[in-house]
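Note that UniProt numbering numbers the sequence shown so that position 47 is 252, with each residue one more than the last. These notes are about the structure you will find just below.
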Amino acid sequence: LWTPDNIIEDSIARIRNQVGDDKVLLGLSGGVDSSVVAALLHRAIGDQLTCVFVDNGLLRLGEGDQVMSTFARHMGVHVIRVDAEDRFLGRLKGVSDPEQKRKIIGNTFIEVFDDEASKIQDVKWLAQGTIYPDVIESAGSKTGKAKVIKSHHNVGGLPEEMNLDLVEPLRELFKDEVRKIGIELGLPSEMVYRHPFPGPGLGVRILGEVRKDYAQTLRQADHIFIEELRKADLYDQVSQAFAVFLPVRSVGVVGDNRLYAHVIALRAVETIDFMTARWAHLPYDFLDLVCRRIANEVPGVSRVVYDITGKPPGTIEWE
Ligand code: XMP
């Protein structure tokens, strides 16, 4: 019988059987899948698990602290947090092509992860949050985003000499099953029911060149949008919502002063499969409130716009 409890018991037995007394490494991204793998492995093998969390400087507001507090502090999982902001932003300097940015972020992620991994002694296994749809996607077409998306989480570049075998306890599960297991394992529901967040993070939500000050502005605006969606009970009614930083400047007015500053676009969509999507028809009053808060609270923003493009013709992300 399929119940979260049975699946967990069964997975734990299989994991223990597979890895024995060996040490296991996991790249923790803060996303649902890797989080559930972390919780599951921790329950199955405790201290044999080491997680590496890479802060690439392209995370949402407070995300790194949240991951550390959930896993390290509350659950007692061994997590190594790597502050790699300078390394990522350094590599991205002067680069504005979206696919180039994706490639750089993916490669840098692998490098940083490898560096950390090679410092840990006697690791035999690499755990991954591969779920059933990932297995199907990679078996299918050789082109398209699925490959690209997974490439930097798959850590294909691990040093040969480490010779790690894979542990993929979610390989047979669908997303909704993964979520149920996550809840059963005690993960906070805000984490388990979070909107998807792309691997390249804010790197593809800052259009063109990625800069630290742009990332700071975007993080604040995005946080306000998400916070208000939660307050208004709208967060779970949309499939994905976020802010985008537009590096164009527009004239505004604050008090008696003319302001010449950047633009923030808000994006919210409703979708089942993320292949097509409808823009979320959020209430005008709600949008008005979010716009006012962003304009008042986030320095360097003169204007807020709402994206009313469906997919198609637009993609969900702007890059
Ligand atoms: P698009 O923009 O293609 O997005 O309509 C569809 C879904 O995929 C996510 N997305 C990505 N996820 N790496 C990821 O891990 C990426 O490079 C990437 N690009 C888009 C996007 O957030 C949406 O959920």
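For glycine and all other residues, C-beta sits at the position ideal for the given N, C-alpha and C.
Quick one: complete alpha helix (DSSP H) runs, 4+ long, within the segment 381-427? With a minimum length of 4 residues, the continuous alpha helix (DSSP H) runs that stay inside the segment 381-427 are 394-397.
Counting Cβ pairs closer than 8 Å, one from the segment 439-456 and one from the segment 321-338, do we hit at least three? The segment 439-456, when compared against the segment 321-338, does not touch it at the 8 Å Cβ threshold.
Candidates 387, 372, 252 and 475: closest to residue 166 by CA position: It is not possible to answer for residue 166, since the shown part of the chain is limited to 206 through 524.
Which residues mark the beginning and the end of the beta strand (DSSP E) in which residue 437 is found? In this chain, residue 437 is not harboured by any beta strand (DSSP E), its DSSP state being neither H nor E.
Can you tell me whether residue 275 is buried or exposed? The criterion is at least 16 other CB atoms within 10 Å of its CB, across all chains shown. With 16 or more Cβ atoms within 10 Å of its Cβ, residue 275 is classed as buried.
Start and end of the alpha helix (DSSP H) containing residue 216? 209-224 is the span of the alpha helix (DSSP H), which, as asked, contains residue 216.
Tell me whether residue 479, by its Cβ, gets closer than 6 Å to a heavy atom of the ligand XMP. For residue 479, the shortest separation between its Cβ and any heavy atom of the ligand XMP lies below 6 Å.
Residue of 271, 248 and 420 minimising C-alpha distance to residue 293: Selected option, being the one with the closest Cα: 420.
Indicate whether residue 306 and residue 408 have their beta-carbon atoms separated by less than 7 Å. In this structure, residue 408 lies closer than 7 Å to residue 306 by Cβ.
Is there contact here, the segment 317-328 with the segment 211-226, by at least three beta-carbon pairs under 8 Å? Too few Cβ pairs lie closer than 8 Å, so no.
If residue 450 and residue 412 are in contact, beta carbons under 8 Å, what's the gap, nearest whole angstrom? Their Cβ separation, rounded to whole angstroms, is 7 Å, which keeps residue 450 and residue 412 in contact under 8 Å.
With respect to 6 Å, is the separation between the Cβ of residue 435 and the closest non-hydrogen atom of the ligand XMP below this value? Checking the 6 Å criterion, the Cβ of residue 435 is out of range of every heavy atom belonging to the ligand XMP.
Using three-state DSSP, classify residue 306 as helix, strand or coil. DSSP places residue 306 in helix when its eight states are reduced to three.
Reduced DSSP category for residue 462 - H, G, I as helix; E, B as strand; rest coil: Residue 462 falls in the strand class under three-state DSSP.
Just to check my reading of the structure: residue 446 and residue 431 have Cβ atoms closer than 8 Å, yes? What is that Cβ distance to the nearest angstrom? That belief holds up - the Cβ atoms of residue 446 and residue 431 are roughly 7 Å apart, short of 8 Å.
State buried or exposed for residue 520, treating a residue as buried only when at least 16 other CB atoms are found within 10 Å of its CB. Exposed.
Exposed or buried, which one is residue 302 when buried takes at least 16 other CB atoms within 10 Å? Exposed.
Would you decide whether residue 477 is buried or exposed? Buried here means 16 or more other CB atoms lie within 10 Å of its CB. With fewer than 16 Cβ atoms within 10 Å of its Cβ, residue 477 is classed as exposed.
Just the Cα atoms here: how many angstroms apart are residue 319 and residue 240? Between the alpha carbons of residue 319 and residue 240 lies a distance of about 20 Å.
State the CB to CB distance for the pair residue 310 and residue 401, rounded to an integer number of angstroms; the pair is presumed to be in contact (CB under 8 Å). Actually they do not touch by this definition, with Cβ atoms about 16 Å apart.
If you compare alpha carbons, which of 518, 517, 522 and 227 is closest to residue 371? The shortest C-alpha separation from residue 371 is found at 227.
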